[in-house]
Each structure stands twice: as structure tokens, then as C-alpha cells.
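Visitor:
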Amino acid sequence: MTALAERGSAPSTPEPADPHPPGPGWVRPALGGLLIATAVLYLWGLSASGWANAFYSAAAQAGGESWQAWFFGSSDAANAITVDKTPAALWVMGLSVRLFGLSSWSILVPQALMGVGSVWALFATVRRVSGPTAGLLAGAVLALTPVAALMFRFDNPDALLVLLLVLGAYCVVRALEKASPKWLALAGVAVGFGFLAKMLQAFLVLPAFAIAYLVAAPTSLGKRLLHLLGALGAVVVSAGWYLAVVELWPADSRPFIGGSQSNSILELTLGYNGVGRITGDEVGSLGGAQSSGSWARLFGSEMAGGIAWLLPAAAIALGALAWLTWRAPRTDRTRAATILWGGWLVVTGGVFSFMSGIIHPYYTIALAPAVAALVGTGAVRLWRARAHPIASGLLSSGVVLTALTGYLLLTRESTWLPWLKYVVLLLGLAAAVLVLVSDRLPRSGARGVAALALIASLLGSGAYTVATAATPHSGAIPSAGPSSGGFGGFGGPPGGGQRGGMRGGVGNLLTTTTPSAEMTALLQADAENYTWVAATVGSNPAASYQLASGFPVMALGGFNGTDPSPTPAQFQQHVADGRIHYFVGEPTEINSTGGSDAAEEIAEWVAANFTSTTVDGVTVYDLTS
48 MTALAERGSA PSTPEPADPH PPGPGWVRPA LGGLLIATAV LYLWGLSASG
98 WANAFYSAAA QAGGESWQAW FFGSSDAANA ITVDKTPAAL WVMGLSVRLF
148 GLSSWSILVP QALMGVGSVW ALFATVRRVS GPTAGLLAGA VLALTPVAAL
198 MFRFDNPDAL LVLLLVLGAY CVVRALEKAS PKWLALAGVA VGFGFLAKML
248 QAFLVLPAFA IAYLVAAPTS LGKRLLHLLG ALGAVVVSAG WYLAVVELWP
298 ADSRPFIGGS QSNSILELTL GYNGVGRITG DEVGSLGGAQ SSGSWARLFG
348 SEMAGGIAWL LPAAAIALGA LAWLTWRAPR TDRTRAATIL WGGWLVVTGG
398 VFSFMSGIIH PYYTIALAPA VAALVGTGAV RLWRARAHPI ASGLLSSGVV
448 LTALTGYLLL TRESTWLPWL KYVVLLLGLA AAVLVLVSDR LPRSGARGVA
498 ALALIASLLG SGAYTVATAA TPHSGAIPSA GPSSGGFGGF GGPPGGGQRG
548 GMRGGVGNLL TTTTPSAEMT ALLQADAENY TWVAATVGSN PAASYQLASG
598 FPVMALGGFN GTDPSPTPAQ FQQHVADGRI HYFVGEPTEI NSTGGSDAAE
648 EIAEWVAANF TSTTVDGVTV YDLTS
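Count along the sequence shown from 1, then add 47; that gives the number in the numbering used here.
#1: Does the Cβ-Cβ distance between Gly162 and Ala95 come in under 8 Å?
#2: Cα separation between Ser59 and Thr378?
#3: Just verifying my parser: in three-state terms, what is the DSSP assignment at Met402?
#4: Apply the 10 Å Cβ neighbour rule to Gly182 and answer buried if 16 or more other Cβ atoms are within range, or exposed otherwise.
#5: Under the three-state reduction of DSSP, which class applies to Phe250: helix, strand or coil?
#6: Compare the Cα-Cα distances from Ala196 to each of Leu88, Leu442 and Leu472 and report the closest residue.
#7: If we count the other Cβ atoms within 10 Å of its Cβ and call it buried at 16 or more, is Ser300 buried or exposed?
#8: Quick one: what's got a C-beta closer than 6 Å to Gly552's C-beta in the same chain, skipping five residues either side?
#9: Identify the continuous beta strand (DSSP E) that holds Ala410 and give its terminal residues.
#10: Unbroken alpha helix (DSSP H) runs of length 4 or more, entirely within the stretch 128-172: which are they?
#11: DSSP has Tyr668 in a bridge; who is on the other side?
#12: Using 8 Å as the threshold, is the stretch 488-498 in touch with the stretch 170-179, meaning 3 or more CB pairs across them?
#13: So, with DSSP's three-state summary, where would you put Thr559?
#14: For Ala330, which of helix, strand or coil comes out of DSSP?
#15: Should Asp202 and Ser121 be called a contact, given that it needs their Cβ atoms to be closer than 8 Å?
#16: Measuring CB to CB, does Ser521 end up less than 8 Å from Val482?
#17: Indicate whether the contact test is met: 3 or more Cβ pairs, each with one atom in the stretch 440-449 and one in the stretch 354-369, closer than 8 Å.
#18: Would DSSP call Ala336 helix, strand or coil?
#19: Measuring alpha carbon to alpha carbon, tell me which residue in Leu137, Gln617, Thr133 and Ala434 is nearest Leu290.
#20: Kindly indicate the opening and closing residues of the alpha helix (DSSP H) around Met198.
#21: Between Ser143 and the rest of its own chain, which residues show a CB-CB distance below 6 Å, the 5 nearest in sequence each way excluded?
#22: For Ala523 and Trp117, I'd like the C-alpha separation in whole angstroms.
#23: Could you pull out every residue in the same chain whose Cβ sits closer than 8 Å to the Cβ of Val219, ignoring the five residues on either side in sequence?
#24: Looking at C-beta atoms only, is the number of pairs between the stretch 467-478 and the stretch 369-384 that lie closer than 8 Å three or more?
#25: With a cut-off of 8 Å on the beta carbons, I'd call Leu594 and Gln248 a contact; round off their distance for me.
#26: Would Met566 and Asp644 qualify as a contact pair, given that the criterion is a beta-carbon distance under 8 Å?
#27: Using a Cβ-Cβ cutoff of less than 7 Å, which residues in the same chain neighbour Trp391 once the five nearest sequence positions on both sides are dropped?
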């Protein structure tokens, strides 16, 4: 190493012949401790968030009562309309509800266990290439990422998406070892099922997976291309079977596909949840498209608290690993892993930064595994090569930038632990200086420097993660942080949102309500005599009444209130047949981007033909009177 440093060459270390050596005896206890600590972090006080995102909790409730609702991801057990996503995450929650009954615990625990599984899978993936120390560091970074703690304690589909994508990365790493088409196909299956969790977002990792295999698999170019073609087929089959079933199912015997304007899951896939998210052309969305951003968006007020803490360090690690492996053989596994994780970060981060459509801060959980893997791998490789001045300089720079980032992020939280930002900054600066001379220190001293650098780098994000886990979150748009909403966004206490059922703008459609005991009793009276005990505009308000009453509530217009489901004629026929007991709310204009106004027409028809009453401040129409 000294000779290499004197020549100014990029240091390199030979890779072990065994891709997964047993490792020292401390690895299993350390991994066990990491997983136990992660489980405590993600499970402790989990029920404080109540129904979390009631939109998905109501669908899980429906899936626990009706197998048809479970399969399609319906918002209600009577199968009026589906959620605006493919339902893989709801399949898990619905089965949990069937096994353990409906509760906040039965809905949220599966996501927390997925978080523990993601940490374990990331450890296993990084370890196969870079050893157990890098794997443990990567797992710890993922566990202590604030947006990860947010979403692994929430019922959005992101938890399942992340777990499946990390498993896909593990399969790619296994495939790279011996050019295995089987493992590569399994990676395709994992990504395909990731599509069933959150649609096209899952495919953002595919370029990185494919390029890593194309570059580094130890076989001929022709076989590499053939294996990739087979993996692509696995993606298409594992994702496409569900689209085919739903699209071919007779429309009159299944629920309306929420989020679409033509009752088509293909439209939902390619439009509202597909290209529309990139271009901003999302028919039926509320508030119009967002303006195009830049890379700075990831450090902006909404997203930074969840993900930005170690982004600069990950960028340095990516460059350092490229430098360390620049002259390595084509099949070098470290370089292949760098392409995999670096491509994941650049493609996904780039899309999030520049997309013009709907984007929420919690989406950034998809960046967390790549950030964690790059930091874990890069830190260990640079530490081992720290006798080289460039290596020690890069490592020191990573610690400094992490400390500065932590300081700036903590400055935005002026009332929460105001002293912490100074501790993070001072420890980071001290560690960065000591890293530069750490190769001249005795082994015990060097270990102390490594521990100090680790503490300085994870203290800010770790504290923010614990604060995120300790804060109840609810609503459609949660944000990480010590107070509900964090650096912007929406949230609230368990069952939060406003009381009542009246709409009037985007906020009321995105938040849930807390029905009063009087309102709940009204809905439950004679509920067995009706298909839907009530109807109201928007899925979130409907979810509130459904979860409180325990009976199906029709969500007119779906999530945004802008889907053409049901049509006014269909609704009037349901009323004539005595299938709906109450209508909740008043006519209110919904300003959408080209969506259907069927829900508005229905509300106006109800107001013109039925007499309203007020129940604890909520406008209610009895459709059977």
C-alpha cells in the first residue's frame, strides 16, 4: 500500500476467492443486535399513528372482508372502486387483517417487519461483495434514515417496494458471481412484484441492474445479453399477469379502477401513475402539475429531512469507488456493485429531482438503500486504503460534508434539540481532521477515530430518525421529523385531520376525519340492510366513516374525487334500489386537471332532491326518505 501511495496510483485490494466467507465470530451477534434494534425502532409505539393513511387502511379492511376486494385492492368491501395503485401491499395487509382482526397493529406491523427485512437483505447484499463490516454499516445507515423510519411505520406501499427492490439487488449480486441466469431471472421477478406494489416506480432500478450485469458478468457478451433478455421476460410476466387479468376481467363484475378515467388499469399504469408523473400531465389530479425541479430538490425544505443527511457522503463514495476500481478487471465485483448502487441512486434521484408531476417527500425512501450501500461500501474501502492521501482526503471530505449537512438540516428545527447541531458539527470536524492522520496512529487509536467518525456521521440522522419514530403520523402525505409534518407536508395525530365530512379544497380530500360517536352510531343503524351505509366524495373522507362504522362507504370519484365512478345515472339507480343509506357532505366544486365532474353532479343532485340534516356539524342526507 505504501508503494502504491508513493507512486500516486489508485489503491486496490484483492477480492476474496470465496464471495461469502464465514467472517469473524462477532458478525452474527452484531447483525442480531442491529436487527433487534431496528425492530424496536420500527415497532415501538406503532399504534400511536392510528390508522396512519386511512385510504390504505380502509382498503385493508375491505380486503379482510371480501376476497374480491382483496384481489383488486378495493376501497370498500362492496367493491365500488379500487385504490389508485396495484394492490400487492394491500394483499399483505389484508391477510394480516384476516389473521389478526382489524386494528392499527395488524395493518402497520407488516410494514415494520418489511423494514427489518430490508435492513437484513441490504446487509446480505453488501456483505457478499464488500464484507460484513460494510454490510453492517450499510444496514445501520438504512435503519437510521429518517424517511425509512417514517415509511416502515406507515401503511403506504413504499415499504414493500423497498424490500422487493433490495431483494432484487441481492439477486443481481448473486447472478454476477457466476453469470447465473436463474438469479438474474429472480431479480426480474422481484422487480416485477415491486411493480405490483407501486407500479412503474419499481422499474427505475432496471437500468442499473442491467448495466451492472452487462458490464461485469463473467461470461461472453452474447450470453450476457441472452440472460438479460430472460430477466426482462421475468419482469414482464411477474408484473404483467395482474394487468392482463384485470384488463380482461368484465368491467361490470369488478370494481372501477381508481385513478383512471376509462376504468382501465393500463391507463392508470401509463397515465396517472406513469408518464404523467414525469410530464405533469395527470388527468384528474388536484392542483395541477408541479414545476420541474433540479438536483437541489432533494435538499429542499420538504425532502431534505427524510433523505439528505448522507447524500453528499454517498456521492463522494460513488466517485471514490469508481476511482478505486478504475483499472480493475471487467468482472470486478466491487465495480459491478458500484454501478448497481450508483445507477440506482442517479436514475431514481434524477427522476425525483426533475419530474414535473405529483411527488411527495416520502418517495425518497426509494433512495435510502442505494445511499446506505454506497456509504457502507465506500467508507470501508477508503478506510482500508487511508494510507493513500487521496483515499484519506476523500474519507475526511465525506465526514466533513456529512457534518455540515447535518448542521444545516438541524438549523431548520430551531426548537428541537437546538444544541445537537453544534455537537454534530464539532464532532464531524474533529473526526475529519483525525481521519487524515489515522494511518499513523496505533491500532487502538485508529479504531477510536473510526468510531468517532461513525458517531459524528450518524448522530444527526439517527436522532432525527428516533424523533420521527416517536411522532405519530397520519394522512395522505406524511413527512419525517420530530413534529408531524417535519420539513413541510401533511400529517396529524391518530385519526387526525378535521372533524366532519364537508369538502372544500385539496386539503380536505387529502386528510381524514374523526367521526363523532353520534355520526358513527347513525351509520351503523340498520347497516346490514344496505350495500353501502353511506356515500361521500373522495376516498379519504369515505375511509374515515368506513373505518369508524365497520361497514362499506362508497367513495365517489376515488382518491381525488375526479374519477367517473359512479356515473350520476349509476348512483341514482343505486339509490332507487335502496342500496345506499346516507350521503355525507355538501356540493363543492373540485378544481382538477381535466378529471370527471361526476361526483360534483351527484352531490348537486342529492342536495336538490333530498332534505339535509346536521349531525354533530356534519351535513347528512338520508337517501331512503
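The beta carbon of each residue, even a glycine, is placed where N, CA and C say it ideally should be. Quick caveat, the model's predicted, so the values are computed rather than measured.
Guide: Put simply:
#1: For the purposes of this step, residue 162 is taken as residue 115 along the sequence shown, with counting starting at 1. For the purposes of this step, residue 95 is taken as residue 48 along the sequence shown, with counting starting at 1. Contact: no.
#2: On the sequence shown, position 12 is the one that residue 59 refers to. On the sequence shown, position 331 is the one that residue 378 refers to. In this prediction, Ser59 has a pLDDT of 48, which is less than 50 and means its spatial position is unreliable; what the coordinates show is noted afterwards. Their Cα atoms are separated by approximately 15 Å.
#3: The count along the sequence shown starts at 1 and reaches residue 402 at position 355. Met402 falls in the coil class under three-state DSSP.
#4: As a first step, residue 182 must be located in the sequence shown, where it is residue number 135. Its Cβ being crowded by 16 or more others within 10 Å, Gly182 is buried.
#5: One-based indexing of the sequence shown puts residue 250 at position 203. Phe250: helix per DSSP, three-state reduction.
#6: Sequence index remark: in the sequence shown, residue 196 carries index 149 (1-based). Nearest option by C-alpha distance: Leu88.
#7: As a first step, residue 300 must be located in the sequence shown, where it is residue number 253. Ser300 is exposed by the Cβ-count criterion.
#8: Residue mapping note: residue 552 aligns to position 505 of the sequence shown, counting from 1. In this prediction, Gly552 has a pLDDT of 38, which is less than 50 and means its spatial position is unreliable; nothing more can be read from the coordinates.
#9: Taking the sequence shown and counting its residues from 1, one reaches residue 410 at position 363. Residue 410 is actually Tyr in this sequence, not Ala. Tyr410 -> no beta strand (DSSP E), and no H or E assigned at all.
#10: 135-147
#11: On the sequence shown, position 621 is the one that residue 668 refers to. Paired residue(s): Phe630 and Ser659.
#12: no
#13: As a working mapping, residue 559 is identified with position 512 in the sequence shown. Secondary structure of Thr559 (DSSP, three-state): coil.
#14: What you label residue 330 is simply residue 283 of the sequence shown in a count that begins at 1. Per the sequence shown, residue 330 should be read as Val rather than Ala. Note: Val330 maps to coil in three-state DSSP.
#15: By 1-based counting over the sequence shown, the position of residue 202 is 155. By 1-based counting over the sequence shown, the position of residue 121 is 74. Going by C-beta atoms, Asp202 is not nearer than 8 Å to Ser121.
#16: Here residue 521 refers to the residue found at position 474 of the sequence shown. Here residue 482 refers to the residue found at position 435 of the sequence shown. It is not a contact, given that the beta carbons lie outside the stated cut-off.
#17: yes
#18: Within the sequence shown, residue 336 is the residue found at index 289, counting from 1. With a pLDDT of 45 at Ala336, under the threshold of 50, the modelled position of this residue cannot be trusted; read the value that follows with caution. Residue state, collapsed to three classes: coil.
#19: On the sequence shown, residue 290 is found 243 positions in, with the first residue counted as 1. That would be Thr133, whose Cα lies nearest to the Cα of Leu290.
#20: Position 151 of the sequence shown holds residue 198. Membership of Met198 in the alpha helix (DSSP H) is indicated by the continuous run Pro193 to Met198.
#21: Translated into positions along the sequence shown, residue 143 becomes position 96. Excluding positions up to five away in sequence, the list reads Ser153 and Pro157.
#22: Taking the sequence shown and counting its residues from 1, one reaches residue 523 at position 476. Taking the sequence shown and counting its residues from 1, one reaches residue 117 at position 70. Ala523 and Trp117: Cα-Cα distance of roughly 21 Å.
#23: Sequence index remark: in the sequence shown, residue 219 carries index 172 (1-based). Within the same chain, Cβ atoms closer than 8 Å to the Cβ of Val219 are found at Trp230, Leu231, Ala234, Phe256, Ala259, Tyr260 and Leu387, the five residues on either side in sequence being excluded.
#24: no
#25: On the sequence shown, position 547 is the one that residue 594 refers to. On the sequence shown, position 201 is the one that residue 248 refers to. The beta-carbon distance between Leu594 and Gln248, rounded to whole angstroms, is 27 Å. This is too long to meet the 8 Å contact definition.
#26: Within the sequence shown, residue 566 is the residue found at index 519, counting from 1. Within the sequence shown, residue 644 is the residue found at index 597, counting from 1. No, they are not a contact pair.
#27: Reading the sequence shown from its first residue, position 344 is the one you call residue 391. Counting only residues of its own chain and dropping the five nearest sequence neighbours on each side, Trp391 has a CB closer than 7 Å to the CB of Val252, Ala255 and Ala417.
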